[in-house]
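Engineer:
There are 2 protein chains.
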Amino acid sequence: MDNYTPTSRTRIRRLPKRGSYDKLAVHAILDEGFICHVGFAVDAQPYVIPTIYARAGDTIYLHGSAVSRMLHTLAQGVQLCITVTLLDGLVLARSAFHHSLNYRSVVMIGSARLVDDKDEKMHALQSITDHVVPGRWNEVRWPNALELKQTSVLALPLAEVSAKIRSGPPLDDDVDYSLPIWAGVVPVCTRLGTPKDDGRVLPEVPAIELARIARRATPAG
Amino acid sequence: MDNYTPTSRTRIRRLPKRGSYDKLAVHAILDEGFICHVGFAVDAQPYVIPTIYARAGDTIYLHGSAVSRMLHTLAQGVQLCITVTLLDGLVLARSAFHHSLNYRSVVMIGSARLVDDKDEKMHALQSITDHVVPGRWNEVRWPNALELKQTSVLALPLAEVSAKIRSGPPLDDDVDYSLPIWAGVVPVCTRLGTPKDDGRVLPEVPAIELARIARRATPAG
Numbered sequence: 001m002d003n004y005t006p007t008s009r010t011r012i013r014r015l016p017k018r019g020s021y022d023k024l025a026v027h028a029i030l031d032e033g034f035i036c037h038v039g040f041a042v043d044a045q046p047y048v049i050p051t052i053y054a055r056a057g058d059t060i061y062l063h064g065s066a067v068s069r070m071l072h073t074l075a076q077g078v079q080l081c082i083t084v085t086l087l088d089g090l091v092l093a094r095s096a097f098h099h100s101l102n103y104r105s106v107v108m109i110g111s112a113r114l115v116d117d118k119d120e121k122m123h124a125l126q127s128i129t130d131h132v133v134p135g136r137w138n139e140v141r142w143p144n145a146l147e148l149k150q151t152s153v154l155a156l157p158l159a160e161v162s163a164k165i166r167s168g169p170p171l172d173d174d175v176d177y178s179l180p181i182w183a184g185v186v187p188v189c190t191r192l193g194t195p196k197d198d199g200r201v202l203p204e205v206p207a208i209e210l211a212r213i214a215r216r217a218t219p220a221g
Numbered sequence: 001m002d003n004y005t006p007t008s009r010t011r012i013r014r015l016p017k018r019g020s021y022d023k024l025a026v027h028a029i030l031d032e033g034f035i036c037h038v039g040f041a042v043d044a045q046p047y048v049i050p051t052i053y054a055r056a057g058d059t060i061y062l063h064g065s066a067v068s069r070m071l072h073t074l075a076q077g078v079q080l081c082i083t084v085t086l087l088d089g090l091v092l093a094r095s096a097f098h099h100s101l102n103y104r105s106v107v108m109i110g111s112a113r114l115v116d117d118k119d120e121k122m123h124a125l126q127s128i129t130d131h132v133v134p135g136r137w138n139e140v141r142w143p144n145a146l147e148l149k150q151t152s153v154l155a156l157p158l159a160e161v162s163a164k165i166r167s168g169p170p171l172d173d174d175v176d177y178s179l180p181i182w183a184g185v186v187p188v189c190t191r192l193g194t195p196k197d198d199g200r201v202l203p204e205v206p207a208i209e210l211a212r213i214a215r216r217a218t219p220a221g
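Protein chains in written order, with my numbering: chain D, 1 to 221; chain V, 1 to 221.
1. Since D/Pro187 meets chain V, which of its residues come closer than 9 Å, beta carbon to beta carbon?
2. So V/Thr83 contacts chain D; which residues on that side make the cut at Cβ distance below 8 Å?
3. Please confirm if the region 159-175 of chain V is in contact with the region 16-31 of chain V, defined as three or more CB-CB distances below 8 Å between the two stretches.
4. Using a Cβ distance threshold of 8 Å, determine whether the region 114-125 of chain D contacts the region 87-105 of chain D, with at least three qualifying pairs required.
5. Would V/Ile12 pass as an interface residue toward chain D - the criterion being a Cβ-Cβ separation below 8 Å?
6. When we look at the beta-carbon of V/Arg94 and count the other beta-carbons within 10 Å, is it buried (16 or more) or exposed?
7. V/Asp174: buried (16+ other C-beta within 10 angstroms of its C-beta) or exposed?
8. Might you give, ordered along the chain, the residues of its own chain that have their beta carbon closer than 6 Å to the beta carbon of D/Met70, omitting 5 neighbours on each side?
9. Can you check the region 1-55 of chain D for any alpha helix (DSSP H) of at least 4 residues that lies completely inside it and give the ranges in chain order?
10. If we call anything under 8 Å between Cβ atoms a contact, is V/Val133 one with D/Pro180?
11. Report the CB separation of D/Gly184 from V/Asp130 in whole angstroms; it is logged as a contact under 8 Å.
12. Three Cβ pairs or more, each shorter than 8 Å: is that satisfied between the region 185-193 of chain V and the region 40-58 of chain V?
13. Take the Cβ of V/Thr7 as the centre, count every other Cβ of all protein chains shown within 10 Å, and call the residue buried at 16 or more, exposed below.
14. Any Cβ of chain D within less than 8 Å of the Cβ of V/Pro16?
15. Find the residues of chain V that neighbour D/Glu204, judging by a C-beta separation of less than 8 Å, and give them in chain order.
16. Starting from V/Ile82, follow its DSSP beta bridges and name the residues at the other end.
17. Is there a Cβ from chain V that is less than 8 Å from the Cβ of D/His99?
18. Less than 8 Å between CB atoms is the rule here; does V/Gln76 satisfy it with respect to chain D?
19. Are at least three pairs of beta-carbons, each pair with one atom in the region 136-146 of chain D and one in the region 53-61 of chain D, less than 8 Å apart?
20. How is the beta strand (DSSP E) around D/Ser162 delimited, first residue to last?
21. Are there 16 or more other CB atoms within 10 angstroms of the CB of D/Gly39, so buried, or fewer, so exposed?
22. From the DSSP output, which residues share a beta bridge with D/His63?
23. Please confirm whether V/Ser152 has its beta-carbon closer than 8 Å to some beta-carbon of chain D.
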């Protein structure tokens with residue numbers, strides 16, 4: 001009951017040991033990422049567009065301009081795929097063939113619903129704002145009626161979902177371990193730099209604290 | 001002649017000033033990224049899968065297991081979309097509405113060709129290996145006949161291509177600048193950690209040098 005049920009479209013077939021349907025694992029990946037890649041088709045041509053998102057319980061919210069092609073297309077309830085990928089390391093083996101990447105990814109499939117209800121729309125926008133900086137929503141000016149009208153919000157229920165994770169060192173062929181080649185993992189992580197204000201912040205206002213935005217307790221491996 | 005020609009499928013319609021078709025700008029983004037997201041449809045269901053890639057001139061190479069669904073599908077010449085996204089900053093405005101992200105992305109559209117020629121296949125695999133660590137190909141054991149057979153390589157010509165870039169501070173509504181709210185950019189960048197060998201590296205072999213993998217000369221802004 002704490003797993004998503006794999007379907008023919010989300011069951012991991014290649015290297016199934018890397019697959020996971022565990023809700024906690026899926027949610028941890030979704031909550032750590034900043035952006036997702038949304039896939040949808042227009043006239044049989046697939047498009048993949050990066051955008052921000054947020055998870056609220058078992059729902060993924062997307063938002064964008066009401067006049068964007070992506071939002072307009074998705075609001076019609078077409079099939080879509082949303083993927084979130086975290087790159088954790090470069091896996092360098094002794095053979096070219098066994099080079100790999102350490103990563104955690106989530107693939108979500110379904111069709112989205114246009115959020116019309118004003119309360120749910122505000123809740124979604126709060127989720128998206130707080131996904132980037134927790135607590136930010138309560139500090140900023142909220143959307144007014146015109147801004148709300150210019151913004152479309154879409155909801156995708158998390159139902160057909162799978163995660164795929166690779167971690168750990170490279171695995172070389174036995175015979176290759178005698179080669180004088182460095183092999184191991186170069187960790188890759190996402191780092192936040194020093195905040196740069198826009199030059200018009202009022203004097204008494206403190207800078208944003210990076211600790212609020214920090215995503216994970218342990219470094220990438 | 002140093003630009004890709006925008007088509008109805010790649011012309012940036014939303015916020016066209018963020019669009020670019022300049023080859024140098026496109027190539028710089030592609031050469032900096034580690035992974036791309038590949039979009040394709042199976043029975044009208046879009047899928048978005050993260051994978052490694054490399055650019056060689058005006059060709060993008062992908063590779064994977066010869067038995068993977070993605071490679072098998074793409075090898076049939078179906079329409080696909082490959083997107084590379086670099087996240088550069090969190091753009092925090094005084095209003096929720098004007099929050100944004102700084103990013104550089106490239107969207108590539110077309111259909112891929114299965115690379116059968118052995119020399120081109122080896123060239124593609126070298127490109128992919130060296131895309132992660134320049135010069136790595138000449139240090140490692142090259143693919144043998146069985147490994148080559150187990151690996152499919154696809155080539156996408158760079159033809160329908162666009163880049164989209166946002167940079168700089170948030171832009172708030174005039175009236176909001178009097179609000180006591182911090183606004184600016186939190187830079188986001190990809191950092192490499194200390195390499196961790198796999199415990200079986202021969203004693204005389206030096207560790208991999210991170211400077212070889214470094215991607216950009218200037219920090220993200």
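Yeah, the Cβ is synthetic: ideal placement off N, Cα and C, and Gly gets one too. Since this is a predicted model, take the numbers as computed values, not measurements.
Structural biologist: So, from the data block:
1. Arg191, Leu192, Gly193, Thr194, Pro195 and Lys196
2. His37, Val48, Ile49 and Pro50
3. yes
4. no
5. no
6. buried
7. exposed
8. Ile49
9. 23-32
10. no
11. That pair is no contact at about 18 Å.
12. no
13. exposed
14. no
15. Pro180
16. V/Val38 and V/Met108
17. yes
18. no
19. no
20. Glu160 to Arg166
21. buried
22. D/Val153
23. no
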